[in-house]
Structures are given as structure tokens and as C-alpha cells.
Amino acid sequence: MLVYFIRRMMQAVLVLFIMSILVFVGVFSIGNPVDILINPQADQEEIARAIRVLGLDKPLWEQYWLFLVNAARGDLGRSFVFNIPAIELILQRMPATMELAICATFMGVLMGIPLGMWAGLKPDSVSGKSIMAGSILGFSLPTFWVGLMLIMIFAVYLGWLPSTGRGQTRNFLGIELSILTWDGIKHMMMPAFNLALFKLSLVIRLARAGTREAILQDYVKFARAKGLRSGRIIGVHVFKNIMIPIVTVLGLELGSTIAFAVVTETVFAWPGMGKLIIDSINLLDRPVIVAYLMIIVFMFIVINLVVDLMYSVLDPRVRIAEARG
Amino acid sequence: MLKKFAATVVGLAAGLSLSGIVAAAEISIALGAEVTSLDPHFHNLSPNNNVAEHVFDKLVLQDEMQRLKPGLAVSWRAIDERTWEVKLRQGVKFHDGSAFTADDVAATFERVPWVPNSPSAFTTYTKPIGHPIVLDPYTIQFKTEAPYPMLPVDIANVYIVSRKQAKAPTEEFNSGKAMNGTGPFKFASWTRGDRITLVRNEAYWGDKPTWDKVTFRQITNDPTRVAALLAGDVNAIEIVPTADMARLKASKDISIFRVVSNRIIFFHMDTDRDKTPAIFDKQGRPLEKNPLKDLRVCKAISKAMNRSAIVDRVMEGEAIAAGQLLPDGFYGTSPNLKPEGYDVEGARKLLSEAGYGTGFAMIIHCPNNRYVNDEKICQAAAQMLGRVGIDAKVEAMPSNVFFSRANKLEFSFMLVGWGSGTGEVSSPLRALLATFDRDRGMGASNRGRYSNRKVDALLDQALAMVDDGKREKLLQQASEVAINDLGIIPLHYQVNSWATRKGYTYVPRTDESTFAFEFKPGS
Amino acid sequence: MTATTPEIVAESAVAAKPQTPFRRFVSDFFESRVATAGLVVFALVLFVALFAPLISPQNPYDLTKLDILDGRLTPGAKSMDGMTFLLGTDDQGRDMLSAIFYGLRTSLGVGVTASFCAMMIGMAMGLTAAYFGGMVDTFIMRIVDMQLSFPSILIALILLAVLGQGVDKIVIALIAVQWAYYARTTRGTALVERRKEYIEAAQCLALSNKRVVFRHLLPNCLPPIIVVNTVLIANAIALEATLSFLGLGLPITEPSLGLLIANGFTYLLSGKYWISFFPGVALLVTIVSINLVGDQLRDVLNPRLQK
Chain A
66 MLVYFIRRMM
76 QAVLVLFIMS
86 ILVFVGVFSI
96 GNPVDILINP
106 QADQEEIARA
116 IRVLGLDKPL
126 WEQYWLFLVN
136 AARGDLGRSF
146 VFNIPAIELI
156 LQRMPATMEL
166 AICATFMGVL
176 MGIPLGMWAG
186 LKPDSVSGKS
196 IMAGSILGFS
206 LPTFWVGLML
216 IMIFAVYLGW
226 LPSTGRGQTR
236 NFLGIELSIL
246 TWDGIKHMMM
256 PAFNLALFKL
266 SLVIRLARAG
276 TREAILQDYV
286 KFARAKGLRS
296 GRIIGVHVFK
306 NIMIPIVTVL
316 GLELGSTIAF
326 AVVTETVFAW
336 PGMGKLIIDS
346 INLLDRPVIV
356 AYLMIIVFMF
366 IVINLVVDLM
376 YSVLDPRVRI
386 AEARG
Chain B
17 MLKKFAATVV
27 GLAAGLSLSG
37 IVAAAEISIA
47 LGAEVTSLDP
57 HFHNLSPNNN
67 VAEHVFDKLV
77 LQDEMQRLKP
87 GLAVSWRAID
97 ERTWEVKLRQ
107 GVKFHDGSAF
117 TADDVAATFE
127 RVPWVPNSPS
137 AFTTYTKPIG
147 HPIVLDPYTI
157 QFKTEAPYPM
167 LPVDIANVYI
177 VSRKQAKAPT
187 EEFNSGKAMN
197 GTGPFKFASW
207 TRGDRITLVR
217 NEAYWGDKPT
227 WDKVTFRQIT
237 NDPTRVAALL
247 AGDVNAIEIV
257 PTADMARLKA
267 SKDISIFRVV
277 SNRIIFFHMD
287 TDRDKTPAIF
297 DKQGRPLEKN
307 PLKDLRVCKA
317 ISKAMNRSAI
327 VDRVMEGEAI
337 AAGQLLPDGF
347 YGTSPNLKPE
357 GYDVEGARKL
367 LSEAGYGTGF
377 AMIIHCPNNR
387 YVNDEKICQA
397 AAQMLGRVGI
407 DAKVEAMPSN
417 VFFSRANKLE
427 FSFMLVGWGS
437 GTGEVSSPLR
447 ALLATFDRDR
457 GMGASNRGRY
467 SNRKVDALLD
477 QALAMVDDGK
487 REKLLQQASE
497 VAINDLGIIP
507 LHYQVNSWAT
517 RKGYTYVPRT
527 DESTFAFEFK
537 PGS
Chain C
8 MTATTPEIVA
18 ESAVAAKPQT
28 PFRRFVSDFF
38 ESRVATAGLV
48 VFALVLFVAL
58 FAPLISPQNP
68 YDLTKLDILD
78 GRLTPGAKSM
88 DGMTFLLGTD
98 DQGRDMLSAI
108 FYGLRTSLGV
118 GVTASFCAMM
128 IGMAMGLTAA
138 YFGGMVDTFI
148 MRIVDMQLSF
158 PSILIALILL
168 AVLGQGVDKI
178 VIALIAVQWA
188 YYARTTRGTA
198 LVERRKEYIE
208 AAQCLALSNK
218 RVVFRHLLPN
228 CLPPIIVVNT
238 VLIANAIALE
248 ATLSFLGLGL
258 PITEPSLGLL
268 IANGFTYLLS
278 GKYWISFFPG
288 VALLVTIVSI
298 NLVGDQLRDV
308 LNPRLQK
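Line by line, the protein sequences are chains A, B and C.
Each residue of the first sequence is one higher than the one before, counting from 66 in my numbering.
Each residue of the second sequence is one higher than the one before, counting from 17 in my numbering.
Each residue of the third sequence is one higher than the one before, counting from 8 in my numbering.
Right under this line is the structure:
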């Protein structure tokens, strides 16, 4: 177990290392940030000064070396645009995104599993078919379009929910959370649902497929034969079986939910880090891009680790030692 | 689905009247771009300056037409060709209660070049005029190396901070600790990427602002910003998307305020190189000669542009056809320059005279997130070029890629814009049409590398002419030469627009700024 | 084990003529009326996409054929030279019907090409990893992990920012985004399947690796891959639309459905719904039909659900 853990950590460092090179070369090849940041009226001296100040006058390998040296000390550089440490900038924005992503995931799971199991148990009923039709719609509509529709219906037409922004937040253990205030929750509903829609459809499909398969399995038949209540069969045996793919997929999806929040955040003017990364790409704010990717990668590796561990708990047939050789 | 949609649209109007106006002494305004720093000297960027304008004052202010008016300076005059004397306002207090004196101006001019890590510093304005010489607490002088008529315009761009903040790093401004100005509002809070709140400065030296509290929301997405206004979440928005203009105008709950801007949208073309990268014959082979070096070809392109169609259709009326570098009435514009008329026959004739009767093929390079409807303008232009026999393809890209490539001269024909921060023609002349000279900072954005000795000579003369009347004449002449020589092909001037809920008025500004103190209740 | 592998089914089917496996598959598929309808609609969509240049009233790619004076006309309006725009026009005076036909072509082309390439690469990788295990598995899965640690939209963003715009570039970006999903799904399923008795049985019979993988392991791994495939084709189309929304997708001169929606997005609030509404419907119909077909395929192909 410990060996497995250490090995994964070492791989994580390797991944981070390769990633950072990719990003460095990638962003370098996009363009020169000074071209965008500088006042177009500036003269050559001023341009040269800005390039020097941002450390862009050095050759790429040297810039990268400096980055590595600083990164080893936990410093991922300062934002060209904001002039504050990139990590600080991202961490300031992170709670908003995490809150949104986690709420969206919960929304997806809490609504998706019952709906999906229902559709799986009654695949030929009208309700079951409607649920599946709904999930197909959920996949098919582009997020930004749904977001705008939501704003048009719930904010502009019905006037029930505020259109954009994060609303009032309350400090909880040093983190600003909007879920603790009614105003915050109202602001949260549409963006979270917007982001959840895709997960919801995914969970419904997975839960339905899993349920349909599970009820034909021997252990369910045995349980039935043993005279267990169908509530218990579905609640425990079927449920446990369908959780394997759901946990795997949602685990994998959490990272992408956080990244995909960029679209929802743009539509709903949600002050999260997804919006930050788009702006940073547009302004070629390399330290922020690199730091953002590092943080996302790190989060993802942790998530994967947790998913793998849970996977082995949920499905004893896949044993870590075996699976990892 | 269609019916439901129609119901939604109809319902929009009904929903509007439900949401009322918030308490009269507060206003919330949605900005269309993100504020990156509160430090007034860190990054010369419109949204940052927009916020700084509320908390800090400048020696000289600009009115809504960018004409200069007294700020912390009550008067300024040139004593001789190289000396300017500025009298400061007395009795002005900083937000912390300390008095404003000449020493604070000196501190500001020390801080501007000092600000660490600035990606675009305000030294552009301070460097040519040097450090102020403090004669007494309310009089300063500037000694310039050469005659420098632009001094009042330059000091109209520098925000004055207190001596106490002379060495305050950017972080202290961002946290609000150093946000100590003399402006009409005091800083209250900033949530990065979301909102900035300000409260009234009761001790302001000028007109008392109407609002107790101002909230600037940052909503960069266009439809979202409009939705926030329609839903009543904000009282006013800037940068009204042209697509929504007609509907907002028709709504009885919304007021619109608009004015022509100082931003011109134009084509810059490679008139310098013999072989140019993005022009081909109709089979896609590179051409021997660069057709854009022929004035007749450029003239033909200009004649092929149906500017009124672009204004009406692409810009939905939110633009004015352009014939020079700034709209009529701005300092240095020439009354003799008019927009080129739409003339397909004339264009074809000029092309065949130039030996391109069968036309050629060309790529129009274009940013897709920089100017209002940038990419759509390019497409419309390509349609129009097609009518005179030039096969134009549009290649649009985000501005980060666009400007890097444009600066490397990878384009032959591109759509660009220029906003004149100073409100006078010298700004676009210097940046776009002066011969490219790295060291002198001339032609810094001259990406077509247009070069005309006559323009350079007139401009040099103008830039050293302290007499305003004579200077304007020289600038007019320079514009006339450069525009008639088609150093650029002007298309249109953008129109700046603001929309508010009914019950507010705004004094629209040519410089695109959104100032809370210019919003007033009542209609 | 209740599983009857296609192998066994096939062998028994040979005995019970005339029901060949293919016929059985076909009859199973058409059991569902919804799926049949889906297939018909998809065939129609495919037809439109393939023959767009022949059936479109206008060539929306040719800027010289457009006139901005025809811009933003309502559905049913007539152009200045007498052509009727059944679904209205966009801001450039482009006939929406033609634009949708061409858009379908681009969207489907991009989605299917990208997903197919990604599937091939991903499946090959996933099966190899699962079957051989050990170093091979570790190596492949490290690449997959690395790939997946980049959220898809970011890889696409960065790739497109470096590569520039264009159909080929977005296909590359989508493949780069998607192959790892296939690899991981394939490996995950194959790992579970590999431990099952029928593989052991097949190995005991000393069948060649190739035969075990392709005749036994692969067919049993297919159902989840098909589910993922339907999801990912839809995903590819949506991702392309999203990238356009963020300003990095296809050039507007070669519109896909996603781009048409993104383009009309600006006009939605001002009541000019047709610019993004009709492409939205076309997108919906396409994806729903793909998904219906995919769903039914999964049910039919899943050996465990076979009666």
C-alpha cells in the first residue's frame, strides 16, 4: 500500500515536471505578453523595460530554470497582469469555483441516481423513457446556450433568481462561502444547475445502465430468492453495484468540472478561477497559466488516487496490487 | 419550443417593469472589462484607470469631450518654450485628512517610474516632462529638454497619490490600505473579478457626488451584462452590445446614452515590402509585386468599402463612417477630409489602371475579441472586395495571437483600431503613420510601415510647437497628407454607449470611461 | 457466469439457421421503435451532411455571394434578388438553412472523425494495457493519467492557441482531448473482464493472444465503449461549440452548428432567435438521434442483457 502510494507520488512529480515544460513552450509560442499588456503609445525603451521587468528578456531555457528553482521553493511566480503571486491569485478565486463545482456534482448525484435507478428499474415505462430523453437533452445542449436560456427564463422573464454574480458570502473557517447565505444560494442555483446538467445526464445514464445490468445478476437473483425485500435489494445490492462506475466517472469528472466551470463562470460572471484562466490565456499571463495548470494537475492526481482507492473498496475484484502490477 | 420562446420574449417586457429602482443614493454599474489592479500607476489599462479616476485626482482632468479642465491644478501655462508653470488647488484634503501640496505631486512623479513589475507603466507620460520643481507648496514648474506642447495632455493622465504612499507597493493599493486619494469617492472594498465598492468622499473639493455608495460589477460577457440590466441587478451598464441596441432602445424601462468615440477602426496595409506575405494571385501563388504599394489599388479598396452598409448593418447604427483619424471636431482634425464614397465602378477602373483588372486574392487578418464586431466587419469587407474582383478571405484570431503576429509583420492587410487617449490627432499620427523609428518611439503601431517624409516633417514640427493654434494647423496638414496618401484606410468611428434603467442619466464620454459621478438620478 | 459470449451465440446461431448473428442483431435493434426512428433521423442528417453542397439554396462559404444588406432577415423573408430565406439570415446575410446544412457537415465531420480516431487510438492503448499488464500497463496508464490531468477544455484551448484556427486543428485538438477517455474506459472494463472465467477458459484452450483479445475480450468490452463513444461524439460537437464561444473554434467563414449557435448567441436577447435557435434544433436532433442509436446498440450488444 505504502509502496503504491509513494510510487504514485513520484509519478505525480514527473507529470507536473513534463506539464510545466509543455506549458512553458506552449505559452512561449503563442506570443509575447508585452505586445498585449503594453500601452500602444509606449516607446522602445519602455517596451524593453517591461520585457526586462517581466523576465522575458532571458532565453526560454533560463526562464524555465528560474521557474524550477523558484517552484522548488513553492513560488510559482508573480502574475504579469496583477503583480501578485500567481498561487495567491488562484487560491483567492478557488473557493468560488470549488463551491460551484462541488454543488454541481452533488446536484448531479442527488438528482441523477434516483432518476437513473428509476429509469433502470422501469425501462419501458413512460417515466423511465422521459428521464432518458431528458438525459439525452442534457448532453446535447451546449452549456453556454443553456446558461443564457436559464438567465432569460429565471432572471429576466420570471424574475425569481438574480442573473449573475456570486451574491453575499459568509466566512466559514477562513473561506468565503456563498452557500451559507440565502442571497448566496439564490445566486448559486442557476450556475450550479447549468454546470450540473452534464453530470446529471451522465449519472442518469450510468445509474440506469448499472441498474439494468445489476438486476439480472446472479447475486440479485439470489437475494430475491432468499426473500429479501426489494427495497433492500435495490438500496443495498443494486446501489452498491452501480456506484462503481459512478464513483469512477465522477471522480474523473470533478477535475474537468472545475475546468469546464470556465464557460459557466463566463456566462454567469462567477468570480472563479475558470474565468481567471481564460483571461490569463488572452493576456498571456504565463505565471498564472502555469500555476493554474499545476494546481489543477495536482488536484486531479489526488482525485485519481482517491478514486482508485475507492474503486478497490467497492469492487473487490479489482485489487490494487494486481491492477498496478 | 418555438412558442415557449416567443412567450419568453414577450414576457421580457413584462418582467422589466416589475423590478424597481434601488434606493436612490446607491448605484451599481456593470463594467465590461476586468480591473486588474487598484494601484493607479501599475498598469495603464482602461478599466484600472476608470476606477482610479474615482478615488484619485489628476492635475488636469478631461471633460466628456476630452477637453482639458482644471483638476488639482487650477491653471497651467508655458512661461517659455521649455518651462511650464502649474498652480495647484488649495484646501484639498486626502481621504486620510492630510492636506494636498506640491510635495505630493513630486512624490507621485517619483513613484511612477518606481512601481515594481509594471507591465505598462505611466512613464510614457512622465518621462518626456521630467520631474516637477517645487517652487512653493502650491506652485510647481516642469522644465523639458525640448519644447513640449503635449505637457498638459500628459499630466492629464497621471493620478496623484500622497507623499505617504510614495513607496507603497502595489499590494497595499490592492488591499485598500494605500487607496488614499483626493477624488470624489473613497475606496470601500474589492472582490477580485467580481465587484468594487466605493463610498462618497464628503470632503471632496469639487461637486458633491450624488451617490452615497457605488458598486462596480465586472461582467465581461456581453449578453450577461445586458441580462443583468434587464433583470434590474445593476442600474447601468457600459459597452452596450450593438446586437441588443435596437431592443434596449425600444424598451420603455431603459435609457440609452451615446456619443461618438475617439476610436477609429481602419485597415492597415503593408505599403512597404515588395513581397508581402498574405497576397496571392487568384490561383493562390505568391505575387511578384505587392499591389498595395500602388496608391491606386489602395484607393480602389477604399472605394469598394460601403461604409454606410457597415455602419447600418454590421454596427447597427452604432458607428459613424470615417474619413480621417478622429471624428470631426477633435483637435487637429481637418475639415477637408470626408469619408470616401462607395463606388464599385470607380474601384474597378482604378484596379485595371493599376494592372489588376483581373483582381488578386488576399487574406484579411482580423482580431475576433478586440473591437466591436471586429470579425464581422472583416467579413463584410471581404464581401465588398469580392464585388470589385479581389478574392478576400478572412482569418480571424484572438487578440493575443493577432497582435503578436501583427507586430512581427506577418500580415499584409489587417483590421485594427486606435483610440486616441489624448483626444488629439497627434496620437494616431505618431503611432500609426509616422515612419517607424524604434528609438524615438515613432510609428510604434505602424504595422503597415507606411512612410512619408512630408508627414514626418509636419508632425515633428507640430510636436515641438507650443502655440496651440499653429500646432493644430500643422496637425491638420499632416492628417491630410497621410490620409490622402492612404497610409491607412479609415472605416468608421465607434460610438460609445451606456444603458441605464429609466430614472438615471449619464453624460456619455468620447473616451469610453464610465464615471459614477456622471450618472444622475432623474430622466 | 450467465454470460453468453457472442462467440458462443455465434456458434449456436450457426446451428439454428437461418438466424445469423447479424440478422439477430438487426432484428434486436429494430425491436425498439424509438431507436428505429433515431436511425432514420440520423440517416437523414447524414444525407443532408453529405450532400449539403447539392441541396443548399446558397453557398454560405462564399463571401462574395452574400450581401450584408440581406442581414438578419426573419424566416420566410425574401432577399433583394428574390431568393426566399426559409429560416432567415444571420448578420452577414447568410441563408440560415444553407448554413445549417453546411454546419451539419462540419459538425458531424469534426465530431465523427475526431471521436473515431480517438476511439481507435484509445482502444488499442486500453486493451494493450489491460491484457499485458505490468510495465506496459504502467507506461500507458501514466500517459493516460498525464493526459487526463489536463482538463480537456484546457488542452484544447492551449492547442488551438498554438495551432491556430481551422477544421484540421480542431480535429487534432479533439483527438488529443478524447483518446485517453477511451483508453481508460477500455482498460477499466477489460480489467474486470479479464478476470472472468471465459477469458481464463479461452486462455486454457491455448488460443492465441490475438484471438483472445479480439474475439473474446474486445466484444465484451464494447458496450461501455459504445456508450462512451455516443457520449463523446456529442461531447466533441459541444466542445467545438464551446471553443467557438470562447473565441478559439472554427473560423466563422466555415461555420459549424456550434459556431452558428455561438454567433447567434449575441442576438438571442434582442429577439432574433432564429440565428441560434434553428442551428440549436439541428444540433439537438443530430445528437439525440446519435444517442438513441447508440443506446439501442448498447442494449443489443450487451451479452448480459440478452434474453
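The beta-carbon is built from N, C-alpha and C at its ideal position, and this holds for glycine as well.
Note that the structure is a prediction, hence the values are computed from the model and not measured.
Check, Outcome
"Report yes if the CB atom of A/L271 is closer than 8 Å to the CB atom of A/T170, and no otherwise.", "no"
"Given this structure, state the Cα-to-Cα distance separating C/V295 from A/S228, to the nearest angstrom.", "29 Å"
"Just grab the DSSP bridge partners of B/Y522 for me.", "B/F535"
"If contact means a Cβ-Cβ distance below 7 Å, which residues of the segment 412-424 of chain B contact chain A?", "P414, S415, N416, V417, F419, S420, N423"
"Starting from the C-beta of B/K143, find all residues in its chain whose C-beta is less than 6 Å away, skip the five residues before and the five after it, and write them out in chain order.", "none"
"Buried or exposed, going by whether 16 or more other CB atoms sit within 10 Å of the CB of B/A39?", "Residue placement at B/A39 is flagged as unreliable, the pLDDT there being 46, under the threshold of 50; the coordinate-derived value follows with that caveat. With fewer than 16 Cβ atoms within 10 Å of its Cβ, B/A39 is classed as exposed."
"Kindly list the residues whose CB is nearer than 8 Å to the CB of A/M84, restricted to its own chain and excluding five residues on each side of it in sequence; keep chain order.", "L358, M359, V362"
"Less than 8 Å between the C-beta atoms of B/N322 and B/Y358, yes or no?", "yes"
"Quick one: residues in its chain with C-beta nearer than 6 Å to the C-beta of C/V47, no 5 flanking neighbours on either side, listed in chain order?", "none"
"Hey, does B/P86 have any beta-carbon neighbour from chain C nearer than 8 Å?", "no"
"Excluding the 5 residues flanking C/F32 on each side, which residues of the same chain have their C-beta closer than 7 Å to its C-beta?", "V307"
"Ends of the alpha helix (DSSP H) at B/S350?", "Looking at the DSSP string, B/S350 is not in any alpha helix (DSSP H), and its letter there is neither H nor E."
"Whole angstroms is fine: what's the gap from B/S415's alpha carbon to B/C382's?", "9 Å"
"Taking the C-alpha atoms as reference points, what is the distance between A/L119 and C/A106?", "45 Å"
"Helix, strand or coil for B/I295 per DSSP?", "strand"
"Using the C-alpha atoms, what's the distance from C/I147 back to C/D74?", "53 Å"
"Please tell me whether C/A106 has its Cβ less than 8 Å away from any Cβ of chain A.", "no"
"Ignoring anything shorter than 3 residues, give me the beta strand (DSSP E) runs that lie fully in the segment 142-189 of chain B, in order along the chain.", "149-152, 155-159"
"Should B/G209 and A/K340 be called a contact, given that it needs their Cβ atoms to be closer than 8 Å?", "yes"
"Any C-beta of chain E within less than 9 Å: which residues of the segment 94-128 of chain A qualify?", "Considering every chain present, this structure includes no chain E. Its protein chains are A, B and C."
"Roughly how many whole angstroms lie between the Cα atoms of C/V16 and A/H302?", "The predicted position of C/V16 is uncertain, since its pLDDT is 39 and thus under 50; no value can be drawn from it."
"Please confirm whether B/I45 and B/F232 have their CB atoms less than 8 Å apart.", "yes"
"Applying a beta-carbon distance threshold of less than 7 Å, which residues of chain A neighbour C/R149?", "Q76"
"Can you name, in chain order, every residue of its own chain whose Cβ lies under 8 Å from the Cβ of A/V355, other than the five neighbours on each side?", "S85, V88, F89, V92, F132, L141, G142, A151"
"Skipping 5 residues on each side, what residues in its chain have a beta carbon closer than 8 Å to that of B/G375?", "K298, L367, V404, G405, I406, D407"
"Just to confirm the assignment: which complete beta strand (DSSP E) runs, minimum length 3, are found wholly within the segment 226-274 of chain A?", "235-237, 240-242"
"In whole angstroms, what separates the C-alpha of C/I297 from that of C/Q185?", "18 Å"
"Hey, out of A/E153, A/G337, A/P352, A/A161, whose CA is closest to A/S243's CA?", "A/A161"
"Check B/R98 in the structure and name its three-state DSSP category.", "coil"
"Rounded C-beta distance between B/H59 and A/V146? I'm assuming under 8 Å.", "7 Å"
"Taking only beta-carbon atoms, is B/T14 less than 8 Å away from chain A?", "Because residue 14 of chain B is not part of the residues shown, which for chain B are 17 to 539, the question remains open."
"Please work out which residues of its chain come closer than 7 Å, Cβ to Cβ, to B/T451, disregarding the five sequence neighbours upstream and downstream, and give them in chain order.", "M458, G459, S467, D472"
"Could you tell me whether any Cβ in chain B is nearer than 8 Å to the Cβ of C/G78?", "yes"
"May I ask you to report which of helix, strand or coil DSSP gives B/E254?", "strand"
"Using a Cβ-Cβ distance cut-off of 8 Å, determine whether B/D249 contacts chain C.", "no"
"Any contact of the segment 299-313 of chain A with the segment 174-194 of chain A, i.e. 3+ C-beta pairs under 8 Å?", "yes"
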